[in-house]
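Chains A and B, in that order, are what the protein sequence lines are. Numbering follows my numbering, in which position 81 of the first sequence is assigned residue number 81; successive positions increment by one, without gaps. Numbering follows my numbering, in which position 163 of the second sequence is assigned residue number 669; successive positions increment by one, without gaps. Virtual Cβ for every residue (Gly too), placed ideally from N, Cα, C.
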Amino acid sequence: MQSDFFSLDRISKRFGVVQALDNVSIAFRPGEVLALVGENGAGKSTMMRILEGVFEPDSGTVRHGSTPIVFSEPRDSHRAGIRVIHQEPEIVPNLTVAENIFVGELPRLAGVLLDWHRLEEQTDKVLATFGMQQDMRPRQLCSTLGPAQRQMIEIMRAIHAGGQLIAFDEPTSSLTDDEARRLFSVIRRLREEGTSIVYISHRLNEIIDLADRVVVLRDGRLVDDSPAAGASEQTIAKLMVGRDIADLFTRETWQSGKPLLEVTGLTTNRVTDVSLTVRRGEVLGIAGLMGAGRSELAKAIVGYDRRLGGTITMNGVPVGPNSPHAAIVAGIGFAPEDRKHEALLLFRSILDNASLCVPDRTSTFGFFNRRKALEIVSPLAAKMSIKAPNLDEQVSKLSGGNQQKVVLARWLARQPMLLILDEPTRGIDIGAKAEIYRLIDELAAGGIGIILISSEMPELIGLADRVLVMAGGRITAELSRPDIDEATILKHAMPQSVPSLGGQIQ
Amino acid sequence: MNSLELRTATAQTDKRRASLRIAERIGIHNISLLVALAILVLIFGTIRGDVFFSSRNLLNIGLGITILGVLAMSQTVVIVAGGLDIAVGAIVGLTTVSTAMAIQSTGSPAVGIVAGLVLGGLAGLVNGIIITYGRVNAVIATLGTMAIFRGIAFIMSDGQSIAIFSDTFRFIGIGRILGLPLLIWILLLTAIVFHLFLARSIVGRNIYALGGNPVVARFSGININRYRVGIYIMSGVAAGLAGILLAARTGSGQPVSGSQGLELEAITAAVLGGCALQGGKGTIIGALLGVAIIGVLNNGMILTSVPTFYQLLAKGSLLILAVVIAEYHLNRT
Ligand SMILES: Nc1ncnc2c1ncn2[C@@H]1O[C@H](COP(=O)(O)OP(=O)(O)OP(=O)(O)O)[C@@H](O)[C@H]1O
Ligand SMILES: [Mg+2]
Chain A
1 MQSDFFSLDR ISKRFGVVQA LDNVSIAFRP GEVLALVGEN GAGKSTMMRI
51 LEGVFEPDSG TVRHGSTPIV FSEPRDSHRA GIRVIHQEPE IVPNLTVAEN
101 IFVGELPRLA GVLLDWHRLE EQTDKVLATF GMQQDMRPRQ LCSTLGPAQR
151 QMIEIMRAIH AGGQLIAFDE PTSSLTDDEA RRLFSVIRRL REEGTSIVYI
201 SHRLNEIIDL ADRVVVLRDG RLVDDSPAAG ASEQTIAKLM VGRDIADLFT
251 RETWQSGKPL LEVTGLTTNR VTDVSLTVRR GEVLGIAGLM GAGRSELAKA
301 IVGYDRRLGG TITMNGVPVG PNSPHAAIVA GIGFAPEDRK HEALLLFRSI
351 LDNASLCVPD RTSTFGFFNR RKALEIVSPL AAKMSIKAPN LDEQVSKLSG
401 GNQQKVVLAR WLARQPMLLI LDEPTRGIDI GAKAEIYRLI DELAAGGIGI
451 ILISSEMPEL IGLADRVLVM AGGRITAELS RPDIDEATIL KHAMPQSVPS
501 LGGQIQ
Chain B
507 MNSLELRTAT AQTDKRRASL RIAERIGIHN ISLLVALAIL VLIFGTIRGD
557 VFFSSRNLLN IGLGITILGV LAMSQTVVIV AGGLDIAVGA IVGLTTVSTA
607 MAIQSTGSPA VGIVAGLVLG GLAGLVNGII ITYGRVNAVI ATLGTMAIFR
657 GIAFIMSDGQ SIAIFSDTFR FIGIGRILGL PLLIWILLLT AIVFHLFLAR
707 SIVGRNIYAL GGNPVVARFS GININRYRVG IYIMSGVAAG LAGILLAART
757 GSGQPVSGSQ GLELEAITAA VLGGCALQGG KGTIIGALLG VAIIGVLNNG
807 MILTSVPTFY QLLAKGSLLI LAVVIAEYHL NRT
């Protein structure tokens, strides 16, 4: 064991009735990628927050060598060379890309003015290191960026200056494969430079790829700490959940019926001339790179973005434009990708959040009826194993993956005829993922149409009847089973295949 | 406990001490308000215990806060929805004038009451439209309409106080039922209605959603424009009700006197009561406790002969203190 580096020594942390961490010890090593895995709510993010000084442990110490260190706030840990990239990017939307990356250390001119010239230079350099020059410009406002690009900014901010220990908390959950690969090459380079890396992810294939050592947490306890060599996805998954995980991608039935949703020539500020059909019982996958306009297509269909042209019908009946309400009444449900900003009421309970779209079935004479709401939400929460002390827990206190499950519960409660899922398994652990795939299959078998937007190829290939590929706000290809494969999708997803890049021109 | 899966700790939840559970139900915030109220009562009781605790004075406090109470509750709803209405004081003034004029010319208290409520609602509608469809910041919009409504009240009344000579109408302000002033009955009734509306009704819950995150609310099918306009109409009608109560109590309609500064006190009470100015948080019970604190403070300052100008200082400081405390709490959770 390294004696002169950071380590966690018998750390415990409790939140009310939840024992988030229980006597966990880990020694980090320079030049090593340590993968931290575990189910949703296992305590991974909590451990990172303790390492960074956001939370104080109830017992146990963070050490550097043999000296105990106490960080009273994140700034202290930054000075000590520890950087944590958080699960949910915290960027300032009304500042530029450059300002967000260099926030807190902006170059100055004459001591008071912002040195734009130098800032732009520095930013260009960082963007180049990450191969992101094509994706954003230094002076671009961050409010125009999608979640993936925001995630990249968060990463660049944290590590452009290097550090001794850099922890990534699910960095790839909102990235597409392409960006993820660029991130991996950066991580490998950091490792070669001697940086100690902590890598948290629910994508086990990445872990096999990247990690030197794997630490498994289960219910706050460390259950395994061993070299990555020789580990397989199956063995890791088994350690995580404590039982064997069934095969992930299976659909029992492939049967689609009459057309349900018909979209023709749909155009908004961000998508152009999109036509598509979803049949009953069909899963329509939507693939594309970041900024391809996939989420924007969803927002156009549900009437959130202003419709500039085109028609939408459900069962042959036109759906009124610019009104999410009309879409919901027509039987369309939408679980957005950005759960924190677009899906959840963070300061309300699980029960309130999950019952938000079923007011009719949770009320008596216009008044909320808790018993009715519990009858609807409890089984769903159990089915998806949402981990929380009870349904009155504030959603902001749930782990990332469990928050995502609450969003899904809301729409399962609503039982729409067409369900649009934008990255539904983002941040969800492997066991729950299997559960969600089963749900999708079950819904489809029950005659519900599903639009599945996903950046995970295996997910699309395993679940979708057909896949539409998007680039630059347009549909560039339609693939049907069994001709759906990664190479074809990627070929059509490349932005070069269309003249303009809708996603980033704002 | 429900059937929710939990592998960490289920047993402990039920074993929590009963006292803790009760505290949780009342809410930590409301408990601290009760403590603050007790401290104020203790201070003024010690200095002027002879007068302060007399049943006459306690009733005075109660009467003094009815009008503020109604405004604080409607302001709570507005703030929970993510808005702010600083025109309410002016709407109260305007409605006292219109009610008085309507009674003067028709002799009918019923017409006066309808005139007050309708005019209040119209004023609220104007606010709502400017804010929702004109996309003007709520503070700026209602700051502007505040001046406009005051101006209209002046023009209508010619700057004069308009006397009301209807005994039936005056009964609202000075009558008693079962030994308790009618005004206090009205406050209790509106409190129950407001509480049930905000905490229990589906519309009330949607208002929390709207204030908590308008994007989420819209994705969830809530017609946020209609809600916003509706909330300002409600605020206007509540201000109209407050105007009617004020006119009935003073027996006159006046453009400024009696209604000036009510918006400051109403917002203070709402924020004291736990409203987050960002929206999405706040309760009617909290607002009422805030109102009680302001009522006791006002009354105590008069009893201990604090000069009027210093009373203003105290009120302003209280608002800022309340916001500071609220922000502190918000950042900790
Ligand atoms: N601030 C908090 N207050 C109360 N409980 C909390 C808080 N933060 C975390 N928890 C609880 O601690 C447990 C561990 O959460 P943590 O966020 O560390 O999980 P995780 O392993 O990162 O999960 P995920 O994979 O879903 O991100 C969860 O049960 C969570 O609900
Ligand atoms: Mg986490």
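Which chain B residues are close to Cys357 (chain A), counting only those with a beta carbon under 8 Å from its beta carbon?
-> Ser726, Gly727
For Tyr199 (chain A): DSSP bridge partner residues | A:Ala35, A:Phe168
Relative to chain E, which residues along the region 366-379 of chain A have a C-beta separation below 8 Å, given in chain order?
-> Here chain E cannot be found, since the structure's protein chains are A and B.
Note down, in chain order, all residues in the region 331-344 of chain A with a beta-carbon under 7 Å from any beta-carbon belonging to chain B.
-> Phe334, Pro336, His341, Glu342, Ala343, Leu344
Ordered along the chain, which non-local residues of its own chain (more than five positions away) have a Cβ less than 7 Å from that of Gly792 (chain B)?
-> His535, Asn536, Leu539, Gly779, Gly780
For Leu346 (chain A), which beta-bridge partners are listed by DSSP?
-> Beta-bridge pairing links Leu346 (chain A) to no other residue.
Does at least one heavy atom of ligand 1 sit under 7 Å from the Cβ of Phe15 (chain A)?
-> yes
Closest to Ala228 (chain A) by CA distance: which of A:Leu204, A:Val407, A:Val274, A:Glu282 is it?
-> A:Leu204
Closest Cβ-Cβ distance between Asn719 (chain B) and chain A: below 8 Å?
-> yes
Expected contact under 8 Å - CB spacing of Gly401 (chain A) and Gly427 (chain A) to nearest Å | 5 Å
Considering only the beta carbon of each residue, do Gln766 (chain B) and Gly595 (chain B) sit closer than 8 Å?
-> yes
So, is the C-beta of Pro89 (chain A) closer than 8 Å to a C-beta in chain B?
-> no
Which residues of chain B have a Cβ atom closer than 7 Å to the Cβ of Pro324 (chain A), listed in chain order?
-> Arg724, Phe725, Gly727
Exposed unless 16 or more other CB atoms sit within 10 angstroms - verdict on Asp556 (chain B) = exposed
Say whether chain A places a C-beta atom closer than 8 Å to the C-beta of Arg755 (chain B).
-> no
Do Gly749 (chain B) and Thr602 (chain B) have their CB atoms nearer than 8 Å?
-> yes
Proximal residues, the region 815-835 of chain B versus chain A, C-beta separation under 9 Å | none
Excluding the 5 residues preceding and the 5 following Thr235 (chain A) in the sequence, name in chain order all residues of the same chain whose CB lies nearer than 6 Å to its CB.
-> none
Residues in the region 788-801 of chain B with C-beta within 7 Å of chain A's C-beta atoms, listed in sequence order?
-> none
Minimum Cβ-Cβ distance from Arg189 (chain A) to chain B less than 8 Å = no
Mind reading off the beta-carbon distance from Ala292 (chain A) to Met152 (chain A)? Whole number of angstroms is fine, and I expect it under 8 Å.
-> The Cβ separation is near 16 Å, so there is no contact.
Close beta carbons around Thr195 (chain A), own chain, < 8 Å, minus the five adjacent residues each side = Pro30, Gly31, Gly162, Gly163, Gln164, Leu165, Ile166
For ligand 2, enumerate in chain order all residues having a CB closer than 6 Å to any of its heavy atoms.
-> A:Lys44, A:Ser45, A:Gln87, A:Asp169, A:Ser399, A:Gly400
In terms of residues, what are the limits of the alpha helix (DSSP H) holding Glu486 (chain A)?
-> 486-493
As assigned by DSSP and simplified to three states, the class of Gly717 (chain B) | helix
What three-state label does DSSP hand Asn94 (chain A) in the structure shown?
-> coil
Going by beta carbon distance, what residues of the same chain come within less than 6 Å of Tyr733 (chain B), once the five residues before and after it are set aside?
-> Leu716
Considering only residues of the region 788-826 of chain B, which uninterrupted alpha helix (DSSP H) runs meet the minimum length of 4 residues and lie entirely inside it, listed in chain order?
-> 790-809
Where Phe655 (chain B) and Asn633 (chain B) are concerned, what is the direct C-alpha to C-alpha distance, given to the nearest angstrom?
-> 11 Å
With 8 Å set as the bound, which would you pick, yes or no: does the beta-carbon of Gly786 (chain B) sit closer than that to a beta-carbon of chain A?
-> yes
Anyone know if the C-beta pair for Ala354 (chain A) and Leu380 (chain A) falls short of 8 Å?
-> yes
Cβ neighbour criterion (16 or more within 10 Å) applied to Ile91 (chain A) | buried
Quick one: which chain A residues come within Cβ less than 8 Å of Tyr733 (chain B)?
-> What Tyr733 (chain B) touches in chain A: nothing, since even the nearest Cβ is about 11 Å away.
Same chain only: Cβ atoms within 7 Å of Ser509 (chain B), ignoring 5 sequence neighbours per side | Bear in mind that the predicted position of Ser509 (chain B) carries a pLDDT of just 36, short of 50, making it too unreliable to give a figure here.
Just to check, is the beta-carbon of Gly427 (chain A) closer than 7 Å to a non-hydrogen atom of ligand 1?
-> yes
According to the neighbour-count rule (16 or more other Cβ atoms, all chains shown, within 10 Å of its Cβ), is Glu459 (chain A) buried or exposed?
-> buried
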